[in-house]
Structure formats: structure tokens, C-alpha cells
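For the sequence shown, full-length UniProt numbering begins at 1 and goes up steadily by one.
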Amino acid sequence: MMEESPFTDLPQNDVELTPDKVKDEKEGGPTFHCDLCDAELVYTIAQAFLPGLSTACVDNTTGDVFKSPGSVAAEIRKEMVEYLMQRSETFVAESVVLDDGLEVQASDHPYDIIAYLIDEFATTKRNLFSRVSEWLLSDKREDKIDDFSQEMEINGFWSIDNREAIVQTLLKNVDLKNEFHCDMKFYSADELAQHVPTCKYRSMTCQNEGCYAKYSISQMENHDSVCPYKMIPCEQKCLASLMRRDMDRHGITVCPMKLVNCPFYSVGCKSAIPQCKIEEHRSSDFHSHLLYILQGIHKEASVEVLRKRVEQLLQKYSSKLANIRDLRSLTYKVKDLDAKLGPLKVCATNEVDVATKTAGKLQILEASDTNKVTEKGAETRVVGFEAKPQSLEVTPTNKDSIEAVKAEIKDSEAKQHSLGVKSLNKVSKEGLKTKATDVEAKPQSLENTITNKDSGVAPGTTVNHHEARPSSLEVTPKKVSEATIENSVKDVEGQVRLSKVSTEENW
């Protein structure tokens with residue numbers, strides 16, 4: 001608990017602490033000075049006096065059982081004023097030092113200078129206990145300083161008017177650039193009286209309701225641009241006018257023009273609209289909202305098909321849909337009415353496009369895989385011919401079975417185009433090679449009997465092992481002709497198509 005301060009023993013006013021007005025040193029010169037200063041800066045500096053005095057009192061009595069901060073407050077206050085007056089007159093000259101011929105100057109702002117002098121004075125009042133202990137770094141010390149400062153403010157120990165009067169004198173001593181005080185001098189009191197009403201440093205109080213800030217007339221525009229109590233129109237262009245300090249809260253809570261997401265944001269409408277225009281947006285974008293809902297129901301349908309479905313819904317059930325406002329109810333209603341309209345009818349153009357794309361992919365797949373199968377088939381024929389010469393004597397294939405297979409292929413292709421089949425998955429290369437090998441391993445499927453030209457031997461290659469054949473064989477293997485390769489390619493293509501048809505039927 002904070003020690004009780006003997007404020008009853010202190011003087012209730014401190015007019016005697018106000019320094020005398022500066023007198024002109026030259027006799028016969030102007031003797032009337034304008035005492036006006038920047039009122040806002042004067043008030044700010046005066047607010048720093050009490051914390052500085054509180055710090056000096058607390059540090060001076062720390063560890064002393066016979067003294068309290070309140071018991072020494074009056075004496076230390078007087079010492080503080082005298083110290084600030086003396087140091088302000090010499091500080092500017094002392095702050096400029098010569099260091100290797102270079103001038104090093106401290107901050108020239110009056111607030112920084114006076115705040116530095118206050119801290120310097122508080123440092124001189126520390127007793128031995130404060131210097132050698134960890135008191136200066138403790139949180140308890142800071143709390144005690146704040147409490148004592150508030151106690152002096154509440155009890156009116158040092159009034160704000162007397163503090164401002166002292167600050168005005170200090171300000172004239174440290175403001176060498178004359179940026180924060182008036183330096184005008186006059187020969188008569190009448191001249192001074194005529195100057196005061198027009199002086200740019202004359203004080204005024206903010207006219208905004210709730211604001212009691214004081215500032216010079218020259219700072220009126222600056223204060224007005226940041227005053228938290230000034231009434232200004234809503235930044236989001238609504239019809240309300242409110243205090244600047246309430247603008248942020250208004251903009252994110254009750255302002256009718258604040259931007260919000262569309263109620264149908266979750267289904268795809270990404271529009272950001274003012275809160276007061278939600279109903280207008282619902283009406284103007286009703287078609288789009290229905291389209292977004294249908295896209296969630298029919299994920300694979302094209303936009304063109306869904307737009308036609310929207311038109312159908314509006315033509316038949318416009319009255320049932322118009323009054324529904326929330327997303328969930330509208331979604332349930334659209335699902336119900338969409339089911340009553342029956343399945344979607346894919347447009348002919350869409351079917352043709354899908355069929356064309358599917359046919360193109362199949363042709364590319366067949367072209368790339370057929371070349372590899374043909375080469376593999378030619379190699380297989382050569383190996384088979386060399387290993388089994390007796391296979392040369394083969395009976396012709398049944399042409400009727402081949403014609404039946406071709407007819408089945410044509411029927412399956414016709415079914416693909418009529419049903420608008422989706423593109424089939426690509427047949428793996430290993431599967432094609434297996435099919436090709438099986439076809440080549442069955443010589444009875446060939447339409448022509450293997451002759452001398454179907455030996456499968458590459459040009460310029462000699463087959464030596466046929467020299468030992470019996471003379472009963474009348475046929476001698478020769479180079480593979482182009483016609484034979486073409487026939488084998490056709491057979492492989494037929495088998496590929498059959499495999500696709502079978503795959504489709506399985507699906």
C-alpha cells in the first residue's frame with residue numbers, strides 16, 4: 001500500500017514558482033514581448049512534469065524509513081523548476097561540441113530538450129540505495145512512480161496552468177529557431193494589444209463536441225484533420241455522419257454499405273456487394289444462381305445444357321422459385337423440380353463433338369500402336385518360318401468367318417456413334433503386343449496361303465538353313481512382300497477393334 005502523502009502541509013497554489021518575464025537587455029529597446037507559444041506543444045511538455053517529479057521523489061526516498069515521496073515533493077518541485085531554468089539557458093550552447101573540428105548537435109526539438117533535462121534532474125535525486133540496488137530495474141519501482149504521479153494529479157498538487165507558464169519560459173530558451181513561440185517585441189502595450197488578436201500562436205480550444213484540446217490558430221487545420229471527435233460523413237458513402245473515432249467500428253458492423261459476400265457464395269457466386277443491395281443482387285442474378293445450383297447437381301453436364309434447363313425451370317415453375325430467398329431452401333426446391341422435368345437431354349452438337357474427339361483419339365492410338373505391332377508381327381513370322389518349315393503347307397482360311405468378324409466390327413462402330421459413347425481408356429501397349437502375337441500365332445486366320453513371298457526375311461537377308469530341306473518341298477522362302485505386311489496389319493487392326501468392342505460391352 002502506498003504511503004500517505006502530507007499534501008495538507010503543501011501550498012495549494014504555486015504561483016511563486018512562475019519565473020519572471022524575460023527583460024530586454026538593451027535599454028531603450030522594445031520592452032513588451034509577445035508571450036504566446038504553440039499551445040499544443042506547451043500542454044504536451046507540461047504533462048511530462050508530474051512523471052518526472054514523481055520519479056525524483058520515489059528514487060530520493062527509496063529505503064528511507066523516515067521519508068516518503070509526499071514529504072519531499074514540495075522541496076523537490078522547487079529544486080526541479082530552478083534546475084530546468086538554469087539548464088535551459090545553457091543547454092543549447094553546451095549541446096554543440098567540437099569533435100575533431102566537426103560540430104555534433106543534439107536534437108533541437110524543444111520537447112526532446114526539456115524531456116532530457118527532466119530525466120537529468122531525476123537522476124541527480126537518486127539516493128545511495130537506489131544506485132547500488134536493483135531498484136531501478138524493478139517493476140515495483142515503475143508501479144510506485146505511476147501511483148504517486150496519479151495521486152499528485154488528483155490532489156491538484158501542481159496545477160496545469162502553473163506548469164504551462166513554466167513551459168512557456170523554457171520554450172523561449174530552447175526554441176532558437178522560433179518555430180514554436182512568437183518573438184515579436186513592441187514599444188508600447190497598445191501595440192502588443194493590437195498584435196495579440198492576429199498572432200498565429202494565439203490559443204484556441206477545439207470546437208468539436210467532446211474534444212477539449214488546445215492548440216494555436218496556426219495548427220487548427222492539422223488538428224481538425226485528425227480530431228477524433230469531428231463529425232464526418234461515412235467513408236463507405238452511406239447517409240450517416242459520425243465521429244471519426246467511431247468510423248472503423250461503423251464500417252464493419254452497422255454500415256448498410258459494407259461489402260458482404262453473396263448468399264450464394266458457397267455454390268459459386270463470388271460477387272462482393274453492399275449489404276443494402278443484397279435483394280437487388282438476388283433478383284438481377286437469379287438466372288446465374290440457378291445455374292450454379294444445377295452445376296452442383298449435374299457435375300458432368302455442359303453449361304449450354306444447364307442453361308436450357310434453367311429456362312425450362314423458369315418457364316414452368318417461375319412462381320414457385322421467385323419467393324425463395326435462402327440457399328438451402330432454393331437448392332432443395334430446384335432438385336425437386338429438376339427431377340420432375342426428367343433427365344437432361346444432351347444436345348446433338350455436344351454428341352457430335354464428343355464422338356469426333358473420341359474417334360480422333362482412337363485413330364491416333366491405332367496409328368501409333370499398329371506400327372509397333374506390325375514390326376513385332378514381321379519378326380514373329382520370320383522366327384516362326386525358320387523354326388517350323390512344315391508350317392508352309394497351310395490350308396486356306398475360311399473367308400466366311402472373316403466376313404462375319406468384319407460385319408460385327410461395323411455393327412459395333414455404328415453403336416458407338418449412335419449412343420455417343422465416351423472415349424475409351426487407352427489399351428495398354430503390352431495388351432496390343434499380346435493380341436498381335438496371338439493373331440500371328442494362328443496362321444489359319446490369314447486369307448492367303450503363305451507363299452514364297454511370305455517368309456518374313458528382310459531384304460538382303462539369306463536363309464541358309466533351307467538348303468538342307470527335302471526335295472519334296474517345292475517352295476523356297478523368299479523376301480516378305482509389301483502385300484503380306486499390309487494383310488497382317490489389317491488382321492491386327494481387326495483384332496484391336498474387336499478388343500475395343502469387348503471392352504465396351506464389359507463397361
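Glycine included, each C-beta is placed from N, C-alpha and C at the ideal position.
- By the criterion of a C-beta distance shorter than 8 Å, Leu242 is surrounded in its chain by Met231, Ile232, Cys234, His250, once the five residues flanking it on both sides are discounted.
- Within the region 193-242, the runs of alpha helix (DSSP H) at least 4 residues long that lie entirely inside it are, in chain order, 220-226.
- By the C-beta criterion, the region 120-134 is judged to be in contact with the region 76-84, since at least 3 inter-stretch pairs fall below 8 Å.
- Only residues of its own chain outside the window of five on either side were considered, and among them Ser203, Lys214, Tyr215, Ser216 have a CB closer than 7 Å to the CB of Ala39, listed in chain order.
- One thing to note: Leu170 has its Cβ within 7 Å of the Cβ of Ser88.
- The alpha-carbon separation between Leu259 and Cys238 amounts to approximately 12 Å.
- In terms of Cβ geometry, Ser218 and Lys200 form a close pair [threshold 7 Å].
- The distance from the Cβ of Leu337 to that of Val310 is about 11 Å, inconsistent with a contact at the 8 Å cut-off.
- For Ile273, the enclosing beta strand (DSSP E) starts and ends at 272-274.
- Rounded to the nearest whole angstrom, the CA to CA distance from Ala193 to His109 is 29 Å.
- The closest CA to that of Phe49, considering only Ile114, Ser266, Glu279, is found on Ile114.
- Contact check between the region 305-322 and the region 271-281: fewer than three CB pairs, one atom from each, fall below 8 Å, which does not count as touching.
- Under the three-state reduction of DSSP output, Cys269 falls in the coil class, being neither helix nor strand.
- Looking at the DSSP output, Phe32 shares a beta bridge with Phe186.
- Counting every other CB atom within 10 Å of its CB across the protein chains shown gives Leu41 a total of 16 or more, marking it as buried.
- The alpha-carbon separation between Val132 and Glu179 amounts to approximately 42 Å.
- Within the model, the alpha-carbon separation for Ile166 versus Leu137 is close to 31 Å.
- Counting the other CB atoms within 10 Å of its CB gives Pro51 a total of 16 or more, which places it among the buried residues.
- Residues Lys185 of the same chain have their beta carbon placed closer than 6 Å to that of His33, with the five preceding and five following residues left out of the count.
- Between the beta-carbon of Ser54 and that of Ile118 there is about 11 Å, and that puts the pair past the 8 Å contact cut.
- In the three-state scheme derived from DSSP, where H, G and I count as helix and E and B as strand, Leu344 is classed as coil.
- Here Asp59 is buried: its Cβ has 16 or more other Cβ atoms, across all protein chains shown, within 10 Å.
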